[in-house]
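Undergrad: Using our numbering, the letters of the sequence shown correspond one by one to residues 7 to 488. In this text, a Cβ means the ideal position worked out from N, Cα and C, and glycines have one as well.
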Amino acid sequence: MKLVAWPRTTRIGQPSVDQQGILFLLCAGAAAILVAILVSLGGVKAGVALLCLPLAVGVIVISVYRPFWGLFCCLQLSFVAAGSHRYVALPLSSALDPLLLLGVVAAVTQVKRVAWKKLPKGLIFFMLGWLIITVLEVMNPEAHSFSAWFHAIRSTSVQMVLCTVLAFLFVRSHRDLDLLMHAWLLWSVLGALYGMKQLYLGLNAYENAWLASGPIKTHMIFGHLRVFSFYTDAGTFGAAQAQAGMMAGICMLNSQRWGARLLYGATAAICLYGMLISGTRGALFVVIAGMGAYLLLNKKIKIIVPGLLLGLLLIGLLKFTMVGHNLYQVRRMRSALNVDDPSLQVRLDNQKRLSDYLATRPFGAGIGSVGYWGGRYSPNTFLGQMPTDSWYVRIWAETGWVGLTFYLMLMLYISWAGAWHLARAPSPALRHKLIALHAGTIGIIVASYGNELWGQFPIAPFIYFSIGMIFNAPNLEENDRS
Numbered sequence: 007m008k009l010v011a012w013p014r015t016t017r018i019g020q021p022s023v024d025q026q027g028i029l030f031l032l033c034a035g036a037a038a039i040l041v042a043i044l045v046s047l048g049g050v051k052a053g054v055a056l057l058c059l060p061l062a063v064g065v066i067v068i069s070v071y072r073p074f075w076g077l078f079c080c081l082q083l084s085f086v087a088a089g090s091h092r093y094v095a096l097p098l099s100s101a102l103d104p105l106l107l108l109g110v111v112a113a114v115t116q117v118k119r120v121a122w123k124k125l126p127k128g129l130i131f132f133m134l135g136w137l138i139i140t141v142l143e144v145m146n147p148e149a150h151s152f153s154a155w156f157h158a159i160r161s162t163s164v165q166m167v168l169c170t171v172l173a174f175l176f177v178r179s180h181r182d183l184d185l186l187m188h189a190w191l192l193w194s195v196l197g198a199l200y201g202m203k204q205l206y207l208g209l210n211a212y213e214n215a216w217l218a219s220g221p222i223k224t225h226m227i228f229g230h231l232r233v234f235s236f237y238t239d240a241g242t243f244g245a246a247q248a249q250a251g252m253m254a255g256i257c258m259l260n261s262q263r264w265g266a267r268l269l270y271g272a273t274a275a276i277c278l279y280g281m282l283i284s285g286t287r288g289a290l291f292v293v294i295a296g297m298g299a300y301l302l303l304n305k306k307i308k309i310i311v312p313g314l315l316l317g318l319l320l321i322g323l324l325k326f327t328m329v330g331h332n333l334y335q336v337r338r339m340r341s342a343l344n345v346d347d348p349s350l351q352v353r354l355d356n357q358k359r360l361s362d363y364l365a366t367r368p369f370g371a372g373i374g375s376v377g378y379w380g381g382r383y384s385p386n387t388f389l390g391q392m393p394t395d396s397w398y399v400r401i402w403a404e405t406g407w408v409g410l411t412f413y414l415m416l417m418l419y420i421s422w423a424g425a426w427h428l429a430r431a432p433s434p435a436l437r438h439k440l441i442a443l444h445a446g447t448i449g450i451i452v453a454s455y456g457n458e459l460w461g462q463f464p465i466a467p468f469i470y471f472s473i474g475m476i477f478n479a480p481n482l483e484e485n486d487r488s
């Protein structure tokens, strides 16, 4: 009987292909046994955690040595985390903070390669000022919970400062901008398509269970579903779709290649339909404000005049006619222009009650005192039971008129100074894409009065990245040429 010999090495110290295969099988077998042991001892979660460990290590290494890709991962995570609460009881949104801290580590360890001196002083002044205000709110005597402050400050100020600064430092080229923007548009198209599946084919068991837990009151109106896709809720989905559709439309108008125009045009149509089926009335103001900003920033009369006339025509059709009134989605959007709408009156009544409460509280009631965190950590307080229905009303309730005034100054500075930086971008192709980003940012700034959009996933990280890229417009062009 002839014995099978062990395969020889092809070079000294290097195993042959057969040996590599055997080593791979041995390692895979050992890993499978280890996973099986962990599952038997700690359950499925322990096994899944072990399987995810190599991915986590890879993300950590990439985030430190290639910080741009860490930011790219943050954007993808924001979409995954947005609707994950329906499927797993894991705070995936909290994973954004470690990724951003890794970006800070990269900025500190690569201090000689990072353009710290080019950071826009005005933007940094306002953002750090807002961060300091929110940090000092921990000492607000009206605050009821440190835990609520700790959780809420992340979306209120910390993530905005970190995302904006890191995007300014590490999004260094036109190509980097394209990767982030096109990833956002791709996710948006997938979100719209999945929303169509929900509308025409129905919801899955997890989505039905989520609706039954309470959101059915706001997501099923007169028997019509407000589509939410894989986003946090229908309001966030509609606003994000409006932002993406408008951005794609602007890119279509300014693209030089017909192939790109077709892709951008299809993206715009799909996302705007996604906005329509969300039933989110406030999303209409993302488009109105964003396109208004685009017309002003474009500075071309041949585009401003037709665009203004078309916009007024569409608003007039919604406001003064009954065109398309047999469609529920159109009726829903039309009600956004009705000042006598019952839900608007309820919001105004709530704001009057809040005004009376805050009359003697110039610094508000503390970060995390209203909204989700207020209801969770101080449910028996006046603000813990008060629906805000607006990002700015939330800021007002938490930081008073002092904080709200400073925050509105920050928003105005972003809108004005961002336009000034766009004027310094010498490349038309780059400038048009940055105009699309800025129009989307202004649209969300305006629409955040009607919904809590500014701090929501996945809108928030992309908006913060957009601000960083807009204020870095001249440097993006320099890096592209070099």
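(1) Taking contact to mean 3 or more Cβ pairs, one atom from each stretch, closer than 8 Å, check whether the segment 185-203 and the segment 128-135 are in contact.
(2) Would you list the residues sitting across from Met231 in a DSSP beta bridge?
(3) Cα-Cα, which of Pro434, Gln462 and Ala431 is closest to Ser396?
(4) Let me know the secondary structure DSSP gives Val292 once reduced to three states.
(5) Leaving out five residues before and five after Ile401 in sequence, what residues of the same chain have Cβ atoms less than 7 Å from its Cβ?
(6) Quick one: what does DSSP say His427 is sitting in, helix, strand or coil?
(7) Going by beta-carbon coordinates alone, are Ile256 and Ile441 separated by less than 8 Å?
(8) Between Ala215, Val195 and Ile227, which lies nearest to Gln249 when the distance is taken from Cα to Cα?
(9) Whole-angstrom Cβ separation of Pro480 and Leu81, contact assumed at under 8 Å?
(10) Do Thr405 and Phe369 come within 8 Å of each other at the CB atom, strictly closer than that value?
(11) For the alpha helix (DSSP H) that Gly322 lies in, which residues bound it at each end?
(12) Can you tell me which of Pro73, Met281, Leu482 and Leu137 puts its alpha carbon nearest to the alpha carbon of Thr115?
(13) For Asn214 and Trp264, what's the separation of their Cα atoms in angstroms?
(14) Quick one: give me the first and last residue of the alpha helix (DSSP H) that Ser163 is part of.
(15) Should Arg437 be labelled buried (16 or more other beta-carbon atoms within 10 Å of its own) or exposed?
(16) Does the segment 361-377 come within contact of the segment 421-436, defined as at least 3 CB pairs closer than 8 Å?
(17) Grab the span of the alpha helix (DSSP H) containing Val141 for me, first residue to last.
(18) Closest to Leu207 by CA distance: which of Asp184, Cys277 and Ser235 is it?
(19) Please report how far the alpha carbon of Leu301 lies from the alpha carbon of Gly313, in whole angstroms.
(20) Under three-state DSSP, which class holds Leu81?
(21) How many angstroms separate the CA atom of Ile294 from the CA atom of Ile321?
(22) Assign Gln204 to one of three DSSP states: helix, strand, or coil.
(23) What's the gap between the Cα of Met281 and the Cα of Lys203?
(24) Are Leu77 and Val171 closer than 8 Å when you measure CB to CB?
(25) Roughly how many angstroms separate the alpha carbons of Lys118 and Val110, rounded to a whole number?
TA: Taking the definition as stated:
(1) At 8 Å Cβ cutoff, the stretches do not touch.
(2) Before going further, note that residue 231 is Leu rather than Met in the sequence given. Its beta-bridge partners are Met226.
(3) Nearest of Pro434, Gln462 and Ala431 to Ser396, Cα basis: Gln462.
(4) The answer is helix: DSSP assigns Val292 an H, G or I state.
(5) Hits under 7 Å: Gly409, Leu410 and Tyr413.
(6) Three-state result, His427: helix.
(7) Cβ distance < 8 Å, so Ile256 and Ile441 count as in contact.
(8) Looking at Ala215, Val195 and Ile227, the one whose alpha-carbon comes closest to that of Gln249 is Val195.
(9) A Cβ-Cβ separation of about 23 Å leaves Pro480 out of contact with Leu81 under the 8 Å criterion.
(10) Inclusion of Phe369 and Thr405 in the CB contact set at 8 Å is warranted, their separation being smaller than that value.
(11) Start and end: Ile307 to Phe326.
(12) Nearest C-alpha to Thr115: Pro73.
(13) Taking the straight line joining both Cα atoms gives about 42 Å.
(14) Per DSSP, Ser163 lies in no alpha helix (DSSP H) and is assigned neither H nor E.
(15) Burial of Arg437 is indicated by the presence of at least 16 other C-beta atoms within 10 angstroms of its C-beta.
(16) No, because fewer than three Cβ pairs between the segment 361-377 and the segment 421-436 fall closer than 8 Å, the two stretches do not touch.
(17) Note, Val141: alpha helix (DSSP H), Lys127 to Leu142.
(18) Selected option, being the one with the closest Cα: Ser235.
(19) Distance between Leu301 and Gly313, taken at the CA atoms: about 7 Å.
(20) Residue state, collapsed to three classes: helix.
(21) So the two alpha carbons sit approximately 9 Å from each other.
(22) Three-state result, Gln204: helix.
(23) Spanning the two alpha carbons is a distance of roughly 14 Å.
(24) No.
(25) Lys118 and Val110: Cα-Cα distance of roughly 14 Å.
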